[in-house]
Amino acid sequence: MAMTERGRGRDNYHHGDLATALVRATLEIVDEVGVRRFSVIEAARRTGVSPGAPYRHFADRDALLVAASLDIQNRVKELFLEVLGTATTPTERLASVVAAYVRVAADLRGGYELLTAPSLLEANPELREGNRALADLLLPSARELAPDAESAHALLDATCSLMRGYAARLLDGEFGASERAVEEIAARATTATRALVAGHRDETAGLPEK
1 MAMTERGRGR DNYHHGDLAT ALVRATLEIV DEVGVRRFSV IEAARRTGVS PGAPYRHFAD
61 RDALLVAASL DIQNRVKELF LEVLGTATTP TERLASVVAA YVRVAADLRG GYELLTAPSL
121 LEANPELREG NRALADLLLP SARELAPDAE SAHALLDATC SLMRGYAARL LDGEFGASER
181 AVEEIAARAT TATRALVAGH RDETAGLPEK
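As structure tokens, this is what we get:
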């Protein structure tokens, strides 16, 4: 499932939706140069509008970046729900989501920074809440695997740390950038998640195997 739509914003604006076109241009630019070097002027240029036109829809530069981040969060949420709906056990639900997240990070490339940039998260409670909501989608599965709420949240935290860790290492170039490398790391992340769950269950020893 492709997470980004890399067509240029100009084409989208010709269909009358400037805000959407600007968000897509923002995703494209951040992918290329990162959050720090993102420019509203460049987003306007790629969308084919005047430098002042974006401010009819977004109060400032950060507002446009936040809109792009929320767009990614929504698409990641849809992917998580799709994956959670197909796996048949709580362990496989967690493992499948972790693998999907690694693939998402590889697909987003530089755009992944929009999910994690401290400068955006610190200033925007909506983004922090969105990231928490993504993690909370995994909580029901963690609860099935843990004897109590505290253990479930500990398992959830560990799973999210593992998921983000593999994504960050992949984007740092530790494993290479080929499609084969991405699939190999997704497989490793899946195995690591299963091992994490098994170790957590050994520690808590509260429920029958699932």
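Going by UniProt numbering, the sequence shown opens with residue 1, and the numbers climb by one from there.
For every residue, glycine included, the Cβ atom is placed at its ideal position computed from N, Cα and C.
By the criterion of a C-beta distance shorter than 7 Å, Thr-91 is surrounded in its chain by Leu-145, Arg-194, Val-197, Lys-210, once the five residues flanking it on both sides are discounted.
If the five residues before and after Arg-143 are omitted, its C-beta is found closer than 6 Å to the C-beta atoms of Ala-152, all from its own chain and listed in chain order. Around the CB of Ala-21, 16 or more other CB atoms lie within 10 Å, so the residue is classed as buried. Around the Cβ of Ser-69, a 10 Å sphere holds 16 or more other Cβ atoms; the residue is buried. Thr-159 is classed as buried because its beta carbon has at least 16 other beta carbons within 10 Å across all chains shown.
Counting along the chain, Tyr-55 sits inside no alpha helix (DSSP H), nor does DSSP assign it H or E at all.
Distances from the CA of Gly-52 to each of Val-83, Ala-19, Lys-77 were compared; the closest alpha carbon is that of Ala-19. Under the 10 Å beta carbon count, Thr-190 is surrounded by 16 or more other beta carbons and is classified as buried. A distance below 8 Å between beta-carbons, with the five flanking residues on each side excluded, links Leu-120 to the following residues of its chain, in chain order: Val-35, Asp-62, Leu-65, Val-66, Ser-69, Leu-114, Leu-127.
In the DSSP assignment, Val-197 falls within the alpha helix (DSSP H) that extends over 179-204. CA-to-CA, the gap between Val-97 and Val-49 works out to about 39 Å. DSSP places Ala-152 in the uninterrupted alpha helix (DSSP H) bounded by 149-171. No Cβ-Cβ contact shorter than 8 Å links Arg-56 with Ala-186.
Asp-136 is the residue among Asp-172, Ala-168, Asp-136, Glu-174 whose C-alpha sits nearest the C-alpha of Asp-157. Non-local C-beta neighbours of Glu-184 in its own chain, meaning closer than 8 Å and more than five positions away in sequence, comprise Phe-175, ordered along the chain. Taking 8 Å as the upper bound for CB-CB distance, Val-30 and Ala-106 are not in contact here, some 16 Å apart. Look at Thr-89 here: in three-state DSSP terms it is coil, with no helix or strand label. Between Tyr-112 and Leu-171 the beta-carbon gap is near 6 Å, inside 8 Å, which marks them as a contact.
Taken in chain order, the whole alpha helix (DSSP H) runs of length 4 or more contained in the region 57-132 are 61-86, 90-108, 113-116, 118-123. Between the alpha carbons of Glu-82 and Val-76 lies a distance of about 10 Å.
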